[in-house]
Structures are given as structure tokens and as C-alpha cells.
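Those sequence lines, one after another, are chains A and B. Residues 1 to 359 in our numbering are what the first sequence spells out, letter by letter. Residues 1 to 388 in our numbering are what the second sequence spells out, letter by letter. Following: one structure in C-alpha cells, then a few remarks.
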Amino acid sequence: MGFLGKGLLEGMAVTARNFIGSYFDKDRLVTIQYPEERMELPENSRTFPFLVYDGTPEHLRCTACKICETECPPQCIYIVMDRDEKGKPRQRPKVFDIDISVCMQCQICVEVCPFDAIKMDNDYEKSQYGRFNELVEHLPDLLKRNEYYQKIKPTEASEVDAKLKAEAEKKAKKAAAAKPAVAAQPTRAPAAPKPAAMPAPVPIMKIAIPDDAPFTAEQRQWLAGFLSGLGAAGGVVAAPVTPAPSQAPVPATTTAPRAVVSTPTPSETTPTAAPAGDWPWHDAGMAMAQRMDLAKDKPLADKLMAAMAQTDCHACGYDCRGYADAIASSSESDLSLCLPGEAETASMLEKLMKEAGKP
Amino acid sequence: MIQSLTEEKSYTLTPGPEGTIETQTLEVSIGPQHPSTHGVFRMDVVLDGETVVKLKPVMGYLHRNHEQLAEKMAWLGSMPYTDRLDYFNSMTNNWAYALSVEKLAGIKVPERAEYIRVIVAELTRLQNHASAIGFLLQDLGAWGTPLLYAFREREKILDLFEAVSGSRMMCNYMRFGGVRVDFDDKTLAAAREITTRFPKFLDEFEKLLTENEVLLARCQKIGILPRELAINSSITGPMARASGVEYDVRKVDKYGVYGRFDFRIPLGDVGDVYDRYYIRVLEMRESVKILEQALHNIPQGPHIAPEVKLRNFKIPNGDGYGRIEAPKGELGFYLVSAGDGKQPHRYHVRPPSFINLTILEDMCLGQKVADVIIILGSVDIVLGEVDR
Numbered sequence: 001m002g003f004l005g006k007g008l009l010e011g012m013a014v015t016a017r018n019f020i021g022s023y024f025d026k027d028r029l030v031t032i033q034y035p036e037e038r039m040e041l042p043e044n045s046r047t048f049p050f051l052v053y054d055g056t057p058e059h060l061r062c063t064a065c066k067i068c069e070t071e072c073p074p075q076c077i078y079i080v081m082d083r084d085e086k087g088k089p090r091q092r093p094k095v096f097d098i099d100i101s102v103c104m105q106c107q108i109c110v111e112v113c114p115f116d117a118i119k120m121d122n123d124y125e126k127s128q129y130g131r132f133n134e135l136v137e138h139l140p141d142l143l144k145r146n147e148y149y150q151k152i153k154p155t156e157a158s159e160v161d162a163k164l165k166a167e168a169e170k171k172a173k174k175a176a177a178a179k180p181a182v183a184a185q186p187t188r189a190p191a192a193p194k195p196a197a198m199p200a201p202v203p204i205m206k207i208a209i210p211d212d213a214p215f216t217a218e219q220r221q222w223l224a225g226f227l228s229g230l231g232a233a234g235g236v237v238a239a240p241v242t243p244a245p246s247q248a249p250v251p252a253t254t255t256a257p258r259a260v261v262s263t264p265t266p267s268e269t270t271p272t273a274a275p276a277g278d279w280p281w282h283d284a285g286m287a288m289a290q291r292m293d294l295a296k297d298k299p300l301a302d303k304l305m306a307a308m309a310q311t312d313c314h315a316c317g318y319d320c321r322g323y324a325d326a327i328a329s330s331s332e333s334d335l336s337l338c339l340p341g342e343a344e345t346a347s348m349l350e351k352l353m354k355e356a357g358k359p
Numbered sequence: 001m002i003q004s005l006t007e008e009k010s011y012t013l014t015p016g017p018e019g020t021i022e023t024q025t026l027e028v029s030i031g032p033q034h035p036s037t038h039g040v041f042r043m044d045v046v047l048d049g050e051t052v053v054k055l056k057p058v059m060g061y062l063h064r065n066h067e068q069l070a071e072k073m074a075w076l077g078s079m080p081y082t083d084r085l086d087y088f089n090s091m092t093n094n095w096a097y098a099l100s101v102e103k104l105a106g107i108k109v110p111e112r113a114e115y116i117r118v119i120v121a122e123l124t125r126l127q128n129h130a131s132a133i134g135f136l137l138q139d140l141g142a143w144g145t146p147l148l149y150a151f152r153e154r155e156k157i158l159d160l161f162e163a164v165s166g167s168r169m170m171c172n173y174m175r176f177g178g179v180r181v182d183f184d185d186k187t188l189a190a191a192r193e194i195t196t197r198f199p200k201f202l203d204e205f206e207k208l209l210t211e212n213e214v215l216l217a218r219c220q221k222i223g224i225l226p227r228e229l230a231i232n233s234s235i236t237g238p239m240a241r242a243s244g245v246e247y248d249v250r251k252v253d254k255y256g257v258y259g260r261f262d263f264r265i266p267l268g269d270v271g272d273v274y275d276r277y278y279i280r281v282l283e284m285r286e287s288v289k290i291l292e293q294a295l296h297n298i299p300q301g302p303h304i305a306p307e308v309k310l311r312n313f314k315i316p317n318g319d320g321y322g323r324i325e326a327p328k329g330e331l332g333f334y335l336v337s338a339g340d341g342k343q344p345h346r347y348h349v350r351p352p353s354f355i356n357l358t359i360l361e362d363m364c365l366g367q368k369v370a371d372v373i374i375i376l377g378s379v380d381i382v383l384g385e386v387d388r
């Protein structure tokens, strides 16, 4: 220590250096003049969630399985599954609301989503003039194209696309193995940019309506419901939902030639039966009554599986087959884990377990 | 309802000179909306002239039911809420919670994840201590200058946090068994850059403050916390070390990979406000040392244990307490798993800010009212953690 006031003078020299430096030294010139200037956001940067769709908004990846709704810590997500007039689930949300005044941007919904359907946006300019309805985002506000996701988070989005593509190919291979006697598949219209990235085809895809048939999406959906409803009513079993006769020991057979979406080239098809072919009820577009009917002469595990929502969403921690097996083998005692199946599945499981004499 | 303190009469007035009129004590309520209380915190102070004769801290204005909320949701669901405890140090809050759950569930963390945790925790300590000093100087009346210098450095660390975790303050970065996102080469380079430049900032900061005569006059021999009192009232962190208590959970528990680093624990000998200021400067220098070693030795490998499930995560019944050395002191989580083990049966936080604040009256008695503000500033509290 020197004289009294030396520390003060030294401190003032520091402030002077900072003051002068703030005019030309890049390290001391840190202010960004928002909104004229904007910082470049890092790729990981997150604000609020949005829903990804491929191509057109009806091809959204969300299947309304409600995992995010259950896991969301502040409970800001509200989902209602879309159902047709017969009450069959359409594998897509009718209502999807996020209250962004409650959302705390924690990203847990993104991490738990098995379909890569919900992702974090990086749009931070969300000011509104009101604080009630204005801060609730509904389904149309939440839908964003996959291209938008590619733009804001290129690395993450290409990883997701590659993963979904691999999954779709695997699924297609499996389906082809299960259904060998299939005519060549008409190629998809190039308008849909990423057909292979569809993780869970919407119900209409499983129905025997050729892709080039002149129907609108709504008409297709209606037809799909109509055909499976026809099957449930007895008489003809709907062609789309039964696998090839040689593969599945179902009571009725089908003769209709079918075009199956996502079938690979015929050279890839093999005549061996995949296990998936043994479960004619494994179709989320089918009504519960019809699924139970298809499984009525089967062992308990199959019946239990038919009661599930058939989305393989892993909300319960298993796929539909695994959950049924776990219940049947008594390793899982909780019958209420099927989120997309809602109360219908839970009560059916309870009924089946009661019938089987297992409390 | 405010309970009057003057009814308790546990103090005596200083008698005035012979022949002067009798004086009265004055009860002053500082806060809860006062800028110097660092949030919504109130002090009921009884003054005899300018001298404090009684002080009662009033807390709870920011109570958010954190512990009860955590007992109603899955284990993972509480992780983003821990960010909001001590919102300056979300990384260390995450780590304390993750460490407790890992201890309870018996999860082993990959080595790279342990190094990443050390890096983000020490960066957190740097920015916490720098801004704590800035706020202390703000309380002393140095309007803005030291605080903004500290914030300028803090901004670089927050930019790194945003690049790696997605958010500047509410990081939500740790997961049971590791961290959510791996450090890539760019982030590691940014961390190295911060580490090499930080000592220069510290030198400049010290030149501005350490020997400043005003700071010395205001801080020395003010708010002394004796060593015995610090131990008896469970004070931890820089506050205890400023009083000469050699206690640092990083050395005591050697959690994570802290046993591998060479660093020292700075200790104060008086325990006044100035010691609490200077201990933080020295701790930042030690943190830079730890960062240099961690960034040099970080191994390759997975950043998260692959066997840990995100959903339907269950913990066998039992209880456990995990603790770390957060920048403000020992932060611990006591967790009880019972029943199906899907959510905590009991979830208790041991918050360093709150426990360090309980000793406020003993430090303030006999001091002037203007010093109460800087004594509070030297405790370094965040009300999000005090009230939970």
C-alpha cells in the first residue's frame, strides 16, 4: 500500500480504460442493439414446443398418445384424440393446446415423445396484448413444417429424419414379409416430401384403397371407417385388416388384391411370416369390439393385446405386445397404463383379467 | 399480521447525556420491495438512533411449494423446478438433485459426464461469485460499475450454457446418470477461452476493488461472524470459510471426480464483510485452476448412462441424502422413496441461502443501519432458494 487514495486512483484508471475501450475494443463493446440487431441463437436454444408435420398438416407426426400431457411437469398440455363418428380413434389429436403462460420451456415433452412429433421452437417474440386466451396455443398455431424444424435446428432435425427413415424402412420390410402376395405398389406422389418419415401411418394407409384412387383425405378416412365397420358387423371381414390367408389363422379369408402403402419393391419381399402377421387386431383404426372379436378364441395374452390401443406408443413402457405379455405373466400389475386407450382399454383389461380368474 | 418486535423488550437503550430528553427506539421495516433486499425479503429492524438493537428476518414471500409439488410428480419432473431454486446457479442445483437420485437408485455416471458436470459447476461458481461481488458493491453504493463488469463476464458463461443446454439460466441440463447434451469441440473451445481470459478479468476487478479505500472503510470489521458461531449455526460455503471454518464438500465428500483435482480452500481469519468479499475472489481463482485441469483431462465416452430410463423411472424403497458444494454453500436433497417408487415420498431441500440467512441478526447487532444492507449483501442470498 502506498499513499491514501492510491486504490481509488487505480480503480478510476480501470473505469477509464473500460470507458474508452467501450468505443473500439470488441471485448468491451458487448451491447447488442435489439431490435435493430439480433443475436444469432445457438442451435440448442429453446423457447416453446411446436408440432412437426411432414408435407401437409394432416400428416402430422403426433398420434395423440398423451405421453407429453402426462409427463409435462406444470401440466400445460391438453390433448383430445380425434375420433370418427363411430368413436374409433383416428390416431391424431382433435385438440392440442399448450398454455404458454404455464409452460416453463423445460423440454421434457420433447424428450419423452416416442414419435419425434413435438420439438422446441426458438421464437422468443411471443408478446400478446392479452393474458388469457391469447396465451393458449391451439393445434393450428402449433403446427410447423418439418422444413421449418430443419431450418432452426439442422443437426438435430437431420438426425431425427435419419432415425425415422430407418424405422419406416424396418417397418416396411416387416410388413412386406408378412404380406408377400401383394401387387407392386404404385409410387407415392412426389408432392409429399418425406413419406418415409411417417412413423405411424394414419389409419387410412392400412386400408385397401389404392393410392391413386380419386378420393380426398376425408373420403378416404370415411371409407376406412366404413370398411372396418362393415367387418365388425359380421358378414364380410374387411379386406384391409386381415393379413394374407396363409399367414394368419383367422376364421375368415380375404380375396381382394390389396395395395399396401410403404411396401418396398417386390424383390425385397420374402415369403417368411413375421410375427406381426399373427395379430390381425393390431390396427389402431379398428374398433374395440372388432379387435376383441378377432382375438376371441386366442390365449389370454392375445386378448389382452387386442384390448390395447394398438399404437405401440410405449406410453406404458412396453409396446402393445409387451404390455399384454407382462400383464399375462403377472410381471405388471397396473392395468391403467394404456394412455391412448383411455378408460375403454383399462376397463376391458380389468374385465379380461376377471374372466381369466386373475384379480 | 406483523408482530411487533418492540413488545419483547430484550434490549436496552443507550442512555443519553445527563439532562437530555428520553429517547425511543424506532422500528423500521426494510423490504419486502426494497432494492437492497435482493428480492422479496423483509427485515424488521429496531433501531436505537442509528444502531441496530434487534433484527428479525421475515421470509416466505416467494414460497412456491417446491417440495410438495415434487412429491406429486415423477422423479424427472422436479428437475426443471430445481433450476428455479437458486436461479443464478441452475447447473449446480441440477447436479445436487441428480446426485441424490443417483445415490438412492445406485446409478453409475460415466466419466465424461462427471467431467462435464465439474466444468459447468465451476463455470457456475465463477459467474455466481462475480455477480455476488457486483451486487455487494451495488449495496455499497457503487452504482452499476462493478456489477456490470461482472455481468459482462457472466454473459460469456451464460452464452456457453445456452449453447449446450438451450437456456441461459433455466438450464435443466443434468439427467439421472449423466448430462442431457454432450459437449462438442466448439463448446469445449469456448470453455477453454473463458478459462484463459477469466484471470485477466479478475486482475482488473481486483484492481478496481480490493485496495479501494472506500471499500476497505466500509467492509472491514463490519458484520463479524465468529468461527464458533458459524459452526454452531451450520453456516456453509464462502461464508463459513471467511470465518475460518475449513469445510468444503468438494474436499470432504470428493463427490464426482473432485478427488482428482489439485485445488486449495481459501480461508479468512476475521469473518467480516471484507473477508467474505475476498474469499469469493480467491475461490474464483481456485475454480479457474479446477477448470484448467478438467478441460485438459476430459475423457472421451458416453455423456449419459444408457440404462437409465426417462419415463417410468422407479427407485427401490429407501431414503438418501446427496449434497454438493454449490456456490453459496452445501446444497443437499433428502429423498425418500416409498410405495411404487415412481415419485418421491418425501423431498426435502437443504438450501444454503436459507440457512446462511438465519444468522443475520447476530451479525447485525450493534452495527449501523447502513451496514445491515451490506451484511445482507455479503451473505449472498437468492430468494428463490430461501423461500422455495
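The beta-carbon is built from N, C-alpha and C at its ideal position, and this holds for glycine as well.
Are residue i and residue j closer than 8 Å when you measure CB to CB?
i: aspartate 116/A; j: leucine 60/A; result: no
i: glycine 301/B; j: arginine 112/B; result: yes
i: tyrosine 81/B; j: proline 49/A; result: no
i: valine 46/B; j: threonine 20/B; result: no
i: leucine 352/A; j: alanine 307/A; result: yes
i: isoleucine 119/B; j: alanine 191/B; result: yes
i: glycine 237/B; j: glycine 329/B; result: yes
i: leucine 126/B; j: isoleucine 157/B; result: yes
i: leucine 69/B; j: leucine 137/B; result: no
i: arginine 154/B; j: glutamate 162/B; result: no
i: alanine 346/A; j: leucine 300/A; result: no
i: serine 131/B; j: valine 273/B; result: no
i: glutamate 74/B; j: lysine 342/B; result: Glutamate is not the amino acid found at residue 74/B; the sequence shown has alanine there. Contact: yes.
i: proline 57/B; j: leucine 360/B; result: yes
i: cysteine 109/A; j: isoleucine 152/A; result: no
i: alanine 121/B; j: phenylalanine 333/B; result: no
i: arginine 227/B; j: leucine 140/B; result: no
Could you give the DSSP three-state label for residue i: helix, strand or coil?
i: threonine 155/A; result: helix
i: proline 249/A; result: Here proline 249/A scores only 42 on pLDDT, less than 50, and its place in the model is too uncertain to base an answer on.
i: histidine 296/B; result: helix
i: histidine 348/B; result: strand
i: serine 347/A; result: helix
i: methionine 308/A; result: coil
i: aspartate 159/B; result: helix
i: leucine 339/A; result: coil
i: threonine 145/B; result: helix
i: proline 57/A; result: helix
i: arginine 416/A; result: For residue 416/A there is no data in the structure shown, the boundaries of chain A being 1 and 359.
i: threonine 15/A; result: helix
i: threonine 187/B; result: helix
i: arginine 258/A; result: Note that arginine 258/A scores a pLDDT of 44, beneath 50, so its modelled location is shaky; the value from the coordinates is reported in the next line. Reduced to three states, the DSSP call for arginine 258/A is coil.
i: alanine 326/B; result: strand
i: valine 245/B; result: coil
i: aspartate 262/B; result: coil
i: threonine 358/B; result: coil
i: lysine 100/A; result: Lysine is not the amino acid found at residue 100/A; the sequence shown has isoleucine there. Isoleucine 100/A: coil per DSSP, three-state reduction.
i: isoleucine 304/B; result: strand
Exercise. Pairing CB atoms from the stretch 83 to 90 of chain B with CB atoms from the stretch 163 to 178 of chain B, are three or more of them under 8 Å?
Worked result: Cβ pair count under 8 Å is three or more, so yes.
Exercise. Is there contact between the stretch 111 to 131 of chain B and the stretch 348 to 365 of chain B, where contact requires at least three CB pairs shorter than 8 Å?
Worked result: Cβ pair count under 8 Å is below three, so no.
Exercise. Using Cβ-Cβ distances below 8 Å, what residues of the stretch 104 to 122 of chain A are close to chain B?
Worked result: Under the 8 Å Cβ criterion, the stretch 104 to 122 of chain A contributes Met104, Gln105, Cys106, Gln107, Ile108, Glu111, Val112 and Met120.
Exercise. Is there contact here, the stretch 324 to 332 of chain B with the stretch 245 to 253 of chain B, by at least three beta-carbon pairs under 8 Å?
Worked result: Counting Cβ pairs under 8 Å, three or more are found: they touch.
Exercise. Are the stretch 378 to 387 of chain B and the stretch 47 to 65 of chain B touching by the rule of at least three beta carbon pairs closer than 8 Å?
Worked result: Taking 8 Å as the limit for Cβ pairs, the verdict is that the stretch 47 to 65 of chain B does touch the stretch 378 to 387 of chain B.
For this session: Taking a Cβ distance cut-off of 8 Å, strictly less, list which residues of the stretch 93 to 109 of chain B are near chain A, in chain order.
Result: When CB distances to chain A are screened at a threshold of 8 Å, not a single residue of the stretch 93 to 109 of chain B falls below it.
For this session: With 7 Å as the limit, tell me which residues of the stretch 300 to 320 of chain B have their beta carbon closer than that to any beta carbon of chain A; keep them in chain order.
Result: If you check each beta-carbon in the stretch 300 to 320 of chain B against every beta-carbon of chain A, the ones closer than 7 Å belong to Leu310, Arg311 and Asn312.
Exercise. Just by C-beta distance, which residues in the stretch 39 to 56 of chain A are closer than 7 Å to chain B?
Worked result: Here the close residues are Pro42, Asn44, Ser45 and Arg46.
For this session: Would you mind listing the beta strand (DSSP E) stretches within the stretch 189 to 241 of chain B that are 3+ residues and don't spill past its ends, in chain order?
Result: Runs of beta strand (DSSP E) with 3 or more residues, each lying fully within the stretch 189 to 241 of chain B, are absent.
For this session: Closer than 7 Å, Cβ to Cβ, to anything on chain A: give me those residues from the stretch 178 to 203 of chain B, in chain order.
Result: Hits within the stretch, in order: Val181.
Exercise. So, do the stretch 359 to 373 of chain B and the stretch 213 to 224 of chain B have three or more beta carbon pairs nearer to each other than 8 Å?
Worked result: Cβ pair count under 8 Å is three or more, so yes.
Exercise. Any contact of the stretch 199 to 218 of chain B with the stretch 1 to 8 of chain A, i.e. 3+ C-beta pairs under 8 Å?
Worked result: By the Cβ rule, the stretch 199 to 218 of chain B counts as touching the stretch 1 to 8 of chain A, because three or more pairs are nearer than 8 Å.
Problem set entry | Cβ contact (3+ pairs, closer than 8 Å) linking the stretch 64 to 82 of chain A and the stretch 313 to 332 of chain A | The answer is yes - the stretch 313 to 332 of chain A touches the stretch 64 to 82 of chain A, with three or more Cβ pairs under 8 Å.
Exercise. Below 8 Å, can you find three or more Cβ-Cβ pairs linking the stretch 79 to 87 of chain A to the stretch 151 to 159 of chain A?
Worked result: Counting C-beta pairs with one atom in each stretch, the stretch 79 to 87 of chain A and the stretch 151 to 159 of chain A have fewer than three that are closer than 8 Å, which means they do not touch.
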